[in-house]
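The working numbering applies: residue 3 is where the sequence shown begins, and numbers increase by one.
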Amino acid sequence: MPDTSFAARIGDLIVLTPDEHAALVRLGERQRRLRRNAILLSENDRLTELFVLKEGMMMSYVLLDDGRRQILRFIFPGDILATPALAYAKSPETLMALTDAVVCPFDRGTMAAMFATTPRLAAAIMARDQAERVAMTTGSLRSAAPPPRHAWRRCCWRSATACVPATGGSATASPPASRRRRSATRPG
3 MPDTSFAARI GDLIVLTPDE HAALVRLGER QRRLRRNAIL LSENDRLTEL FVLKEGMMMS
63 YVLLDDGRRQ ILRFIFPGDI LATPALAYAK SPETLMALTD AVVCPFDRGT MAAMFATTPR
123 LAAAIMARDQ AERVAMTTGS LRSAAPPPRH AWRRCCWRSA TACVPATGGS ATASPPASRR
183 RRSATRPG
């Protein structure tokens, strides 16, 4: 299957039927390579496609009125990009490659057809996307941006690689502190 990480991420939510598996294969048929720092989609660009990130790391952001960049989320292999294309004609965010990346573009009509033919799969894809968006803001309800430490932990945990903090020490990938606290307080 061309996009095993995407299928695996969706497979964490639901057991895929053969039809659902085939639908995911179709989403990964086309590929587009992006170089580091390339802009895949800019704010206010016309939205015609959605994407699955197959390789690399990306981020989504908006530009604030004062010219600063507000990072909305970091995007890892298996994540879906440009989901606002389902509701909006223009992109509310910019998508930029942080590393060399490979995306699998598909027409927004493909996702609309998926809602009709495999609604359970479409719901799982949207639930996974929204969970990732919410995860970046967890712990920062007073601010528009997650604290840098929370974003750093989230990136380390999602990339599942060793990370070296700016302080020069080392840290290994682990779930965000909010998940560690929740699991530590559970009985049993």
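No residue lacks a Cβ here, since even glycine has one placed at the ideal position from N, Cα and C.
From the DSSP output, in three-state form, read off Phe-53 for me.
Your numbering for residue 53 matches position 51 in the sequence shown. Reduced to three states, the DSSP call for Phe-53 is strand.
Since Arg-48 sits in a beta bridge, which residues does DSSP pair it with?
Mapped onto the sequence shown, residue 48 falls at position 46. Answer is Lys-92.
For Asp-81, count the other beta carbons within 10 Å of its own beta carbon; 16 or more makes it buried, fewer makes it exposed. Which is it?
Numbered from its first residue, the sequence shown carries residue 81 at position 79. With 16 or more Cβ atoms within 10 Å of its Cβ, Asp-81 is classed as buried.
Report all residues from its chain with a CB closer than 7 Å to the CB of Arg-135; omit the five preceding and five following residues, and keep chain order.
What you label residue 135 is simply residue 133 of the sequence shown in a count that begins at 1. The residues are Arg-75.
Taking Cβ to Cβ, would you say Cys-106 is nearer than 8 Å to Arg-32?
One-based indexing of the sequence shown puts residue 106 at position 104. One-based indexing of the sequence shown puts residue 32 at position 30. Yes, the pair counts as a contact, with Cβ atoms nearer than the cut-off.
On the criterion of 16 or more Cβ atoms from any shown chain inside 10 Å, does Gly-111 qualify as buried, or is it exposed?
Counted from its first residue, the sequence shown places residue 111 at position 109. Gly-111 should be labelled exposed.
I need the straight-line Cα distance from Leu-49 to Tyr-90, nearest angstrom please.
The residue labelled residue 49 in the question sits at position 47 within the sequence shown. The residue labelled residue 90 in the question sits at position 88 within the sequence shown. Their backbone Cα atoms lie some 7 Å apart in a straight line.
If distances are taken between C-alpha atoms only, which option among Asp-109, Leu-42 and Asp-102 comes closest to Ala-87?
Translated into positions along the sequence shown, residue 87 becomes position 85. Out of Asp-109, Leu-42 and Asp-102, Asp-109 has the C-alpha closest to the C-alpha of Ala-87.
What is the rounded straight-line gap between the Cα of Asp-67 and the Cα of Glu-45?
As a position in the sequence shown, residue 67 is number 65, starting the count at 1. As a position in the sequence shown, residue 45 is number 43, starting the count at 1. Approximately 13 Å between the Cα atoms of the pair.
Ignore the nearest five residues each way along the sequence and tell me which others in Ala-10's own chain have a CB closer than 7 Å to its CB.
Translated into the one-based positions of the sequence shown, residue 10 becomes position 8. Cβ neighbours of Ala-10 beyond the five flanking positions: Gly-80.
What are the start and end residues of the beta strand (DSSP E) that includes Asp-109?
Stepping through the sequence shown from its first residue, residue 109 is reached at position 107. Taken as a continuous stretch (DSSP letters only), the beta strand (DSSP E) holding Asp-109 covers 103 to 109.
Quick check on this structure: which residue in Leu-43, Pro-20, Leu-15 and Leu-83 has the alpha carbon closest to the alpha carbon of Thr-119?
Taking the first residue of the sequence shown as position 1, residue 119 is located at position 117. Cα-wise, what sits closest to Thr-119 is Pro-20.
When burial is assigned at 16 or more other CB atoms within 10 Å of the CB, is Lys-56 buried or exposed?
By 1-based counting over the sequence shown, the position of residue 56 is 54. Classification of Lys-56: buried, given that the 10 Å Cβ count is 16 or more.
Since Leu-123 contacts Glu-51 with CB under 8 Å, what's their CB separation in whole angstroms?
Start at 1 with the first residue of the sequence shown, and residue 123 comes out as number 121. Start at 1 with the first residue of the sequence shown, and residue 51 comes out as number 49. With a Cβ gap of about 19 Å, Leu-123 and Glu-51 do not count as contacting.
Within 10 angstroms of the Cβ of Leu-65, are there 16 or more other Cβ atoms? Answer buried if so, exposed if not.
Position 63 of the sequence shown holds residue 65. Leu-65 comes out exposed.
Is it the case that the Cβ atoms of Arg-37 and Ala-84 are separated by a distance below 8 Å?
Indexing the sequence shown from 1 puts residue 37 at position 35. Indexing the sequence shown from 1 puts residue 84 at position 82. Contact flag unset, no.
Under 8 Å by Cβ, that's how I've got Ser-62 and Thr-96 pegged, so tell me the actual separation to the nearest angstrom.
Numbered from its first residue, the sequence shown carries residue 62 at position 60. Numbered from its first residue, the sequence shown carries residue 96 at position 94. That pair is a contact at about 7 Å.
Which same chain residues end up closer than 7 Å to Ala-126 when comparing Cβ atoms and leaving out the 5 residues on each side of it in sequence?
Residue mapping note: residue 126 aligns to position 124 of the sequence shown, counting from 1. Excluding sequence neighbours, Ala-126 sits near Ile-12, Leu-15 and Ile-16.
Compute the Euclidean distance between the alpha carbons of Ala-129 and Ser-93, then round it to the nearest angstrom.
Sequence index remark: in the sequence shown, residue 129 carries index 127 (1-based). Sequence index remark: in the sequence shown, residue 93 carries index 91 (1-based). Those two C-alpha atoms are separated by around 20 Å.
Among Phe-53, Gly-58, Phe-8 and Pro-121, whose alpha-carbon lies nearest the alpha-carbon of Leu-26?
Residue 26 sits at position 24 when you count from the first residue of the sequence shown. The shortest C-alpha separation from Leu-26 is found at Phe-8.
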